[in-house]
Each structure stands twice: as structure tokens, then as C-alpha cells.
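Residues in the sequence shown are numbered from 1 upward in steps of one, following the working numbering.
Have a look at the structure below, then the notes.
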Amino acid sequence: MNIDIIYVNYNSTADLTQSIHSIPALKKATHRLHITVVDNASADPPFWLTAFFPDVKFIFNRKNIGFGAAINQALRHTNSPYVILLNPDSLVSDGFFDECSDFLEKNPGVGIMGPMIVDEDGSLQGSARAFPTPMTTFFGRNSFLTRLFPKNSISRANILTWKNKKNQPMEVDWVSGACMVARRSAIEGVGGFDSRFFLYWEDADLCHRIRQKAWKVVYYPKPKVTHFGARSSRTRPFFSSYQFHKSGFLLFAKYATWPSVLLFPLAATALMARFFSMGLISRIMMMVKDPKRPVKKDKFQKRRADDRKTFPLPKKDPRKRVLYVISRLNIGGPAVHVNTLIRYLDADTYEVRLVAGRISPNEGDMRYIFTPPEQAKIFYIPELQREISIFKDAVSLFRLISVIRAFNPQIVDSHTSKAGTLSRMAAFFCNVFRKQKIVTVHTFHGNVLDGYFNKFKSILFLRIERMLAKVTDRIIVLSESQKKDLAEHYQVADPDKIKVVNLGFDLLPFKTSGEKKGIFRKKIGVGPDTRLIGIVGRLVPIKNHYLFFNAAKQVLERHGHPNLKFVVVGDGELRGDLENYVADQHLSDAVVFCGWEKDVSLVYPDLDIVALTSLNEGTPVSIIEAMAADVPVISTDVGGIRDLLGKIHKDDFGAMGFSVCERGVLCIKNNPSAFANGLSYLLRNPDAQKIAGAREFVLNNYAAAILVKRMGNTYEALLSSHPAQTR
């Protein structure tokens with residue numbers, strides 16, 4: 001049997017991922033489920049899901065066209081006889097599709113069926129209702145008076161779900177659009193949804209028109225759906241409330257008859273008064289709420305807005321909660337590092353979540369490395385960005401505080417500079433003003449204290465880092481050199497507070513990458529006789545690609561290598577400038593810009609040398625990956641590079657400006673001649689390229705299991721030295 005499942009997504013990509021991921025396990029072979037997702041210009045658009053769910057049809061709108069219009073759009077792209085409209089923040093129960101299809105097959109007069117819908121705590125939602133009356137304004141499902149007097153006769157007459165005591169099918173006026181199972185012929189027979197209802201009440205209007213066409217609308221409580229509730233509307237609570245009341249007036253105006261039309265001004269005034277009074281009452285209730293009252297018992301607080309987004313956890317989950325925070329999941333080491341921790345940290349011991357910000361234009365998106373279950377653990381804050389903005393940074397701070405209050409973590413572990421600043425401030429405020437006992441950990445993947453800003457800003461950020469270090473329980477660095485810099489040169493924190501934990505990755509794809517030799521060369525049109533020198537990374541100022549091109553020019557001028565090319569793997573804000581620079585230097589025939597490669601393990605086996613020219617680094621991922629793939633490396637002497645390359649075999653630089661180390665070649669920072677000398681040395685000495693022990697070194701020190709074990713030990717040590725946090 002063919003069934004169409006339609007989602008309308010707006011800022012609920014994490015929930016959408018979890019919902020789609022759950023469906024294959026629930027369907028039977030007899031069901032041919034066709035999933036369509038319409039994204040209404042989300043701040044977190046699910047572009048990356050197209051790779052994980054190739055059978056799902058995605059429609060991306062450039063603007064938010066509203067719920068009803070988006071459903072109509074999806075209906076035009078589908079043709080199954082049965083249609084299930086499902087909110088992204090909903091999960092269906094076992095046997096759901098069997099029960100729905102069997103019911104509609106046996107009841108041909110039913111146009112729309114609504115299943116039982118429950119909250120995340122299992123409480124029944126009022127999803128089946130009578131057609132609204134003026135009194136619904138004051139005694140609706142979520143109205144203030146209904147909360148004060150839940151058993152009043154007006155609400156009970158309106159919410160028909162409460163009348164169904166025997167769990168039998170019951171004909172009703174309308175059912176909630178959070179999950180609606182419909183016969184396509186019934187929907188198309190009334191022309192679909194009325195797109196004038198941008199948000200809210202479009203389900204009541206549709207059901208009313210279908211009933212006018214002699215179809216039945218039935219509430220059938222056997223199939224069950226868990227609805228986590230208003231996730232997308234929380235991202236814009238004021239706008240959502242406005243649309244709720246606007247659509248309520250439209251519904252009244254659409255079906256009002258004489259003499260009810262005379263009440264238009266009164267209805268508009270009443271709805272406007274309700275709109276403002278509900279906002280005021282909500283604010284007052286939040287102000288007078290007992291701050292010591294557990295959040296999990298406070299359903300009103302639990303649903304107050306997007307900024308109090310909650311993560312559904314078992315009520316008595318004994319696991320320790322870790323909240324990771326990263327500025328953005330762009331291509332680079334921090335995203336890989338965090339993904340490794342989320343994927344491999346012991347799930348029986350830790351419950352983890354990740355907060356991430358928005359990726360800047362022209363940055364590569366690395367969210368594809370997160371599997372759907374991992375994506376479901378991510379909460380996006382669009383205001384959290386690389387660029388400095390007083391307003392957006394303030395919004396990000398308050399949203400982080402809300403997330404911390406909702407998730408109530410024992411540990412907040414931050415990565416990258418902006419995330420480290422805001423998350424440590426948020427944890428500090430929660431510790432001071434809410435008496436929480438959150439352990440804070442921050443990882444320096446590099447630092448912004450050198451090479452990023454002018455002298456004044458660098459001094460300012462240094463002072464900020466010193467202040468933040470005082471409220472940080474543990475600072476993680478990626479190398480001994482980095483620890484020495486932070487403790488001695490910059491004096492950010494005492495050495496005792498700084499711990500070295502090497503990066504960790506799944507290095508197996510690189511260890512076995514030799515099996516893929518030739519694929520990358522074929523892709524870029526380079527034969528096996530051409531020697532390739534590659535640089536892998538973001539095209540941003542700190543990576544100093546100009547040094548790479550200047551050194552390349554000198555190598556070509558000195559030796560005139562006819563079969564030598566320089567390959568740039570990566571993308572970023574400087575790509576246009578760098579391409580112009582290469583053309584100006586007459587290097588276009590020798591330099592290949594490849595853009596991003598999702599599977600970089602295909603790249604390394606076809607490179608003869610991997611270069612790194614950065615002005616500042618922590619521990620570069622590309623060098624570790626190249627070593628694991630048994631490719632020789634050359635790098636500038638920055639950050640933790642010396643720890644990677646090992647002991648220097650020859651004089652420390654000297655007249656040529658480079659040194660041959662235990663596992664690679666090290667060059668003076670930002671010196672094209674020295675870098676060209678190092679490249680020439682590797683090209684002239686093929687035997688020197690295979691630096692002994694490089695692969696074994698990274699496999700023994702930078703494996704994912706090692707990172708996870710060390711971070712687990714760090715967490716346990718910190719928690720044991722702090723008083724237990726109350727749940």
C-alpha cells in the first residue's frame with residue numbers, strides 16, 4: 001500500500017532527523033512509504049539530510065510560505081491514496097501504519113482520521129475538538145482559564161478527546177494537524193488547505209470543509225503519536241502568537257453568518273485583548289515562579305519558548321550529562337573532534353548534547369559527518385556565529401543560559417573561541433545565580449591571540465581569556481607546545497589547570513587509503529607521472545595560502561619541474577582572491593583549486609607531499625591524516641607542529657630555513673624561501689619522503705579510542721572533585 005508522509009519543517013531540523021530516522025524501523029514490507037519534506041526557509045535548513053535519506057523528497061522554499069501552503073505544495077508532488085501529515089517534532093508508535101491504513105480501508109466514509117497524540121511525558125493532548133465558538137477564546141486547550149480550571153464544562157465540551165473513555169473511534173468536528181491521516185480524495189475534493197491560514201486553525205478549517213462534503217472526521221485513539229510540542233513556533237514566539245490570533249479571527253470571519261457578522265469588531269477586539277493579555281500573564285507567571293521548583297514539574301515553564309528548548313530524557317536517567325558547545329560545524333578539526341566525542345563517548349555513562357551555531361558564507365559545511373542519531377542531539381543557535389556582533393552575541397548568551405537550564409548538564413565542554421567565551425559565561429551565571437554546580441571545560445584547538453587580529457584586539461582577547469580561565473575548571477590543549485604557550489608566553493592560566501589531550505580520529509580510512517590510489521588524480525585530470533604537492537584546509541587568512549603559492553613559484557623557477565602541480569583542497573572566503581593571485585603570478589597552469597572533498601581519504605594517496613603554511617595552529621588535522629596515509633609532510637613552525645613532527649635530526653633551521661625532523665620537515669614561519677627550500681629537499685630526496693614511524697606515531701597517539709578514554713578520565717576526575725549536582 002502506498003502512503004505519503006508529509007513534513008513541513010521550520011527550524012526543527014534536529015527533530016525532523018529523529019522523526020524520519022524512526023520510520024524505517026516501524027514500517028512493514030507491505031507499506032510503500034513516500035516521505036516528502038517541505039522546508040520553509042529554516043535557519044537550520046536540512047540540506048545535509050539529502051545525503052542520509054536519498055529516498056526522501058526535499059522541497060526547499062526561499063521564504064516561509066506557511067503551513068497550509070507548504071502542505072498543498074507537497075500534495076502537488078505526491079500521488080498516494082493516503083496522506084499522513086506529521087509534525088517534525090513527532091514520533092509514531094509501533095504498528096501505527098498498520099492501524100491507520102486498516103482503519104481507512106474498513107471505513108471508506110472517513111475523510112480524515114486523527115490518532116491519539118500524547119505529550120513527551122505521556123499525558124494526553126486535546127487533539128480532537130469541537131468547532132470553535134466565541135467561548136473558545138477564553139477556554140481553549142492551552143488558554144489561561146483552562147489551566148486554572150482544567151475541569152470546567154466549557155473546555156470539556158470543546159476538547160472531545162477527554163470524552164473518549166473507551167478508546168473507540170469517535171466522530172468529531174476536527175483533529176489536530178500535528179498528526180492527521182487523510183484520504184487524498186477528501187483533501188483534493190475541497191481544494192486542499194486554505195493558504196490564507198499561515199499558521200494555526202488551518203486544520204480546523206480543512207476538517208470543517210471536508211465534513212461539509214459529507215466526509216466523516218474521526219478520532220481513533222488506537223494508533224499513537226508522541227508530540228514534543230510547538231518546537232518550531234518556539235523559535236518565534238511573538239510571531240506565532242500573533243498568527244494564532246490572526247488565524248482565529250479569519251476562521252470566525254470565514255464562517256460567521258448573519259447576524260454574527262455584526263460581531264466582527266467585537267471579535268477582533270477580544271482576540272487582540274487576548275493576544276496582549278496572554279503575553280502579559282505569561283511574563284508575570286515566569287516572574288513569580290518559584291526558582292527552586294524543579295523544571296520537570298513545571299509544564300508551563302517547560303513549554304514557554306524556543307529559548308527553553310528541552311531534550312527528552314528518561315525521568316530517572318543515571319547518566320552524567322555533558323553539553324558540548326561549538327561556534328559552528330564548518331570543515332576543520334574542531335567539528336571532527338566534537339563528532340568523535342559524541343559518537344564514541346560511553347553512552348551508558350554519559351548523555352550528551354551539542355549546541356552549534358551558524359556556518360559563515362563560503363565555509364564548508366561538515367554536518368554531514370554526523371549520523372542522523374547524532375544530528376538529533378544537536379541544537380542550533382543561528383545567532384552564534386564566527387563574526388563579532390554585540391546583539392547576536394548577547395542573544396546567543398541568553399539562549400545558551402536557557403539551554404543549560406533546560407538540559408541541566410554536569411559538564412559544559414566548549415570548543416572554538418566564541419563558543420568558549422559565551423558558554424563559560426553562561427555556565428558561570430547559572431552557577432552563581434541558580435546555584436548549579438556545572439563543571440566547565442574548554443578546548444583550545446588553536447587560539448585567536450596571534451595572527452587573527454590587530455594588536456589592540458589581541459590584547460583585549462588575551463585579557464578576556466585570562467578572566468575566563470579563572471572560572472574554567474579545566475583547559476584542554478592539543479600539544480605540549482600549546483600548553484607552554486598558554487601557560488608561559490600568554491599566561492592565560494596556571495600550568496596545573498591546563499591538560500594536554502591529543503586530538504583523536506577514526507584513522508582507519510586513512511590507514512587503508514592506499515587502496516583508493518588514482519581516484520583523485522583521475523577526478524582532477526592528472527596522470528600518474530605528475531608529482532602532486534597538496535595543501536588541505538580552509539581558504540582563510542590564518543592558513544596563509546599566499547606562502548604556499550610564493551614557495552611554489554620559487555620551486556618552479558629554480559627547477560623547472562615539467563611534471564609538478566600544486567593542489568589546493570578546500571574552500572573559503574579567500575578563494576576568489578587566491579585564484580586571482582595565482583593568475584597574477586602566472587601559476588594557473590601549475591595550481592589546481594579542487595574545492596572541498598567530503599571524503600579526503602581519497603585525496604591523500606594521490607599526493608606526494610602534504611604542506612601546511614599556517615600562521616597559527618593548534619594541532620592540524622590535515623597533517624595527522626597525511627601521516628596516517630603514509631604521505632610525507634612539510635609545515636611551518638607554529639603551534640603544536642613540533643610535537644607532531646618530533647625531534648630535529650639536523651640543525652635547527654640554519655641558513656636554508658628548514659629542518660628535517662623525525663617525522664617530517666619543519667620550516668621557518670611565513671618565509672617563502674625557507675618553505676621552497678624544504679619542498680625542494682623533499683623533491684630531490686625521494687628516500688627522505690617516507691619519514692620512518694610517522695604512521696605508527698599517529699595511529700598510537702591520535703586514535704579516537706585514546707581521545708575518548710582521556711576525556712572520560714578528565715570528566716570523572718573533575719566530577720569527583722566537585723560536589724554532586726542535583727538533578
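Note that the Cβ used here is the ideal one computed from N, Cα and C, for glycine as well.
Keep in mind it's a predicted model, so treat the numbers as computed, not measured.
Contact check, Leu507 vs Ala628, beta carbons under 8 Å: yes
Start-to-end residues for the alpha helix (DSSP H) that takes in Phe131: First-last for Phe131: undefined, no H or E at that position.
For Lys437 and Ala717, the rounded distance between their alpha carbons: Near 15 Å, if we compare the C-alpha coordinates of Lys437 and Ala717.
Distance between Pro562 and Arg575 (C-alpha atoms, nearest Å): In this structure, the CA atom of Arg575 is about 26 Å from the CA atom of Pro562.
Identity of the residues DSSP links to Glu728 by a beta bridge: The chain is shown only over 1 to 727; residue 728 falls outside these bounds and no answer can be derived.
Three-state class that DSSP yields for Thr440 in the structure shown: strand
Collapsed DSSP secondary structure at Met113 in the structure displayed: strand
Stretch-stretch touch, CB-based, cutoff 8 Å, three pairs: the stretch 177-187 with the stretch 204-218: As far as the Cβ criterion goes, the stretch 177-187 touches the stretch 204-218, which means the pair count is three or higher.
Chain-order list of residues whose beta-carbon lies under 7 Å from that of Gln243 (same chain, five-residue window excluded): Phe198, Leu199, Tyr200
Asn9 to Lys543 span [Cα, whole Å]: Each residue's Cα considered, the two are about 37 Å apart.
Runs of alpha helix (DSSP H) wholly within the stretch 475-501 (minimum 4 residues, chain order): Segments of the alpha helix (DSSP H) lying fully in the stretch 475-501: 480-484.
Element boundaries [beta strand (DSSP E), containing Tyr219]: 216-227
Proximal residues to Asp205 (C-beta, below 8 Å), its chain only, five neighbours per side dropped: Phe193, Asp194, Phe197, Leu251, Lys254
Integer-rounded CB distance, given that Val355 should sit under 8 Å from Phe379: Contact check for Phe379 and Val355: beta-carbon distance about 5 Å, within the 8 Å limit, so the pair qualifies.
Simplified DSSP state of Thr78, which is helix, strand or coil: coil
Under 8 Å between C-beta atoms of Asp89 and Asp15: yes
Run of the beta strand (DSSP E) containing Val412, from where it starts to where it stops: 411-415
Secondary structure of Met1, DSSP reduced to three states: coil
Extent of the continuous alpha helix (DSSP H) run through Asp643: 641-645
Cut-off 8 Å between Cβ atoms - residues of its own chain near Thr714, not counting five sequence neighbours on either side: Apart from sequence neighbours up to five positions away, the residues of its chain that approach Thr714 with a beta-carbon distance below 8 Å are Val441, Arg474, Ile476, Lys499, Val501, ordered along the chain.
Other residues of its chain near Ser720: CB distance less than 6 Å, five sequence neighbours each side excluded: So no residue of the chain qualifies.
Test item: CB-CB of Leu644 and Thr613 under 8 Å: no
Local Cβ density within 10 Å of Ile404, reported as buried at 16 or more and exposed below that: buried
Three-pair Cβ contact test at 8 Å for the stretch 219-229 versus the stretch 92-106: yes
Coil, strand or helix - Tyr7 by DSSP: In the three-state reduction of the DSSP assignment, Tyr7 falls in the strand class, which pools E and B.
Phe193 - containing beta strand (DSSP E), residue span: Careful: Phe193 lies outside any beta strand (DSSP E) and carries neither H nor E.
Minimum C-alpha distance to Pro334 - residue among Arg319, Leu86, Ser396, His415: His415
Contact under 8 Å by Cβ, Glu383 with Arg367: By the CB criterion at 8 Å, Glu383 and Arg367 fall outside the cutoff.
8 Å Cβ cutoff met for Leu564 and Ala590: yes
Sequence-distant residues of its chain with Cβ nearer than 8 Å to Asp365 (five each side left out): Phe47, Trp48, Leu329, Asn330, Ile331, Ile359
Buried/exposed call for Ala552, threshold 16 Cβ in 10 Å: In this structure Ala552 is buried. Its beta-carbon is surrounded by 16 or more other beta-carbon atoms within 10 angstroms.
Unbroken alpha helix (DSSP H) run spanning Arg695, endpoints: Run containing Arg695: 694-701, per the alpha helix (DSSP H) assignment.
Stretch pair the stretch 72-84 + the stretch 167-183: three plus CB contacts closer than 8 Å: yes
Boundaries (first-last residue) of the alpha helix (DSSP H) holding Leu211: It is Arg, not Leu, that sits at residue 211 in the sequence shown. Taken as a continuous stretch (DSSP letters only), the alpha helix (DSSP H) holding Arg211 covers 202-212.
Three-way DSSP call (helix, strand, coil) for Val631 in this model: coil
Cβ contact (3+ pairs, closer than 8 Å) linking the stretch 690-709 and the stretch 667-674: no
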